[in-house]
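Heads up: the structure comes next, in structure tokens.
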Amino acid sequence: MQTNLVQEFAAQPEGQEAEAILRSCVHCGFCTATCPTYQELGDERDGPRGRIYLMKMFLEGQETTEKTREHLDRCLSCRACETTCPSGVQYGRLLDISRGLMEERMDRPAREQWLRQALVRVLPNRRLFGALLRTGQLARPLVPEPLRSKIPPRREASPWPTGSHPRKVLALAGCVQPSATPNTNAAAARVLDRLGITLVEAPAAGCCGAVSYHLGEHGDGLDYMRRNIDAWWPAIENGAEAIVMTASGCGAMVQDYGHLLKDDPAYADKARRVSELTMDLGAFLLQQDLGSLGLAKGQGKVAFHCPCTLQHAMKQNGVVEQVLEKAGINLAETTDKHLCCGSAGTYSVLQPELSQRLLTNKLAALTVDQPDEIVTANVGCQLHLETRSSVPVRHWIELLDR
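The sequence shown stops at residue 1080 when you use the working numbering, and every number in between is there.
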């Protein structure tokens, strides 16, 4: 694709990166076949190829309207198009760059601006989010539907292992997971303990930065990344084997730290090392001898939903399924495995109607084989699926912990 970026963008490192990505696109259109929003809406501007043209127009200084931004806002950032693209177009990175530059230059309507600011101020703040969630859970019986279903029930974490092993790996508590699904990391810690590995959460580590960064607040997102690097670095220097991610949304973000901070002289080397050490929990377990875990019996039939961040961003499609099969889990058949459930971070809040359409499709695809429960690998997907699922939804590591 030929490009002619305006000097304002062509002189910036991000603009130069965007231009290189634009030039790698050959307009083939394979991406439209796997784009969830294009499949739903049938509009070229709501598919990757059309959105690439819209971003190109913006970066070349052509008129950019609210309609243009609406089509970009509708993108889930699921990156299914990247898995399909024969040219290796880094669409997700192009979208992040364009959204960030557009947020700096275009004002939003007051209601949109208020909602987005609320998301970037509340979600990454673990204590504030936890307090608001507990308030909502207390009031849940009094809240009318459909809002009630969006408030997850209160869950308790089982005790963490008390012993310690020479082998240690790091975990990220994150921002939403500690209060919404607190048993996820606790279950992972117990499973790893049975394998002779200690899972450690660095208390000062928090939000991975994804919420802010993907909403165009790049400065805030990068600050969260630096804070996590500082929190992990002492343990890395002391020989931590890996940073094991139990939420693939966070995993996809942390794996990008090295790239996103490559121009930061104080953090570039550390960020690259953090990205190198970051692994999804499934990929880490697949490297271990799982014989000591024994077979999980009496689980019933389980449908696995592979989050977009796991299969398209982290490129770990099929890995968790291998772990579950090795553990003796009876996996149910599913369809349209490449399609997003509609959660997509803050998407279910910012694009509720389209998100619900995608959720309907995904639940139908997950329940074709009448599973007894659904498991997934990301807290956002888990919370979104359970709002309307007829069977229980949990993180897959809880199956191995039973």
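Beta carbons are placed, not taken as given, at the ideal position from N, Cα and C, and that holds for glycine. As the structure is a computational prediction, the values presented were derived from the model and not from experiment.
Assigned with DSSP and collapsed to three states, N1008 falls in strand. Spatial neighbours of Q989 in its own chain (CB-CB distance under 6 Å, excluding positions within 5 residues in sequence) are listed in chain order as N995. L870 is not bridged by DSSP to any residue. For E790 and Q815, the gap between their C-alpha atoms comes out near 26 Å. If you look at E1051, you'll find it in the beta strand (DSSP E) that goes E1051 to T1054. Scanning G972, I875 and C1019 for the CA closest to the CA of R845 turns up I875. Annotation: L1041 to L719 spans about 19 Å, alpha carbon to alpha carbon. Taking a cut-off of 8 Å on C-beta distances, the region 767 to 779 touches the region 727 to 744, as three or more cross pairs fall below it. D967 sits exposed, since fewer than 16 C-beta atoms from the chains shown fall within 10 Å of its C-beta.
A distance below 6 Å between beta-carbons, with the five flanking residues on each side excluded, links E697 to the following residues of its chain, in chain order: T681 and L683. Contact annotation: L797 and S857 have beta-carbon atoms that are not nearer than 7 Å.
DSSP, reduced to helix, strand and coil, places A981 within a strand of the structure shown. Between K940 and the set I921, A913 and L900, the nearest pair of CA atoms involves L900. Contact holds between the region 1005 to 1020 and the region 968 to 988, because three or more Cβ pairs, one in each stretch, are under 8 Å apart. With respect to G894, M931 sits apart: the two C-beta atoms are not nearer than 7 Å. Judged by DSSP in its simplified three-state form, R1072 adopts strand. Within the model, the alpha-carbon separation for S827 versus K734 is close to 40 Å. Annotation for A867: W838, P839 and L877 place their beta carbon closer than 7 Å to its own, counting only its chain and skipping 5 residues before and after.
Following the DSSP letters along the chain, one finds K846 inside the beta strand (DSSP E) bounded by residues R845 to A849. The residue among R723, G927, W910 and V1057 with its C-alpha nearest the C-alpha of E919 is W910. Of the other Cβ atoms in all chains shown, fewer than 16 fall within 10 Å of the Cβ of K745; this residue is therefore exposed.
By alpha-carbon distance to D908, the top candidate from F962, A882 and V704 is A882. Taking all protein chains shown into account, M903 has 16 or more neighbouring C-beta atoms within 10 Å of its C-beta and is therefore buried.
Going by DSSP, I921 is part of the beta strand (DSSP E) stretching over I921 to M923.
Here R752 is not near T710, since their CB atoms are 7 Å or more apart. When C-alpha distances from C984 are compared across G1020, T956 and V952, the shortest belongs to G1020. Around the CB of G897, fewer than 16 other CB atoms lie within 10 Å, so the residue is classed as exposed. For C756, the closest C-alpha among the options E748, T1038, H705 and Q768 is that of Q768. Excluding its 5 nearest sequence neighbours in each direction, D871 has C-beta neighbours in its own chain below 6 Å: P839, listed in chain order. By the CB criterion at 7 Å, F982 and E999 fall inside the cutoff.
P822 and I829 have their C-alpha atoms roughly 11 Å apart.
Secondary structure within the region 693 to 765: the alpha helix (DSSP H) runs of 4 or more consecutive residues, fully enclosed, are 714 to 719, 726 to 737, 744 to 751 and 758 to 762 (chain order). In terms of CA proximity to D1014, T1038 leads the group I914, M923 and T1038.
Within the model, the alpha-carbon separation for E760 versus G978 is close to 34 Å. According to DSSP, residue pairing for T840 in a beta bridge does not occur.
Looking at the DSSP output, T813 shares a beta bridge with no other residue.
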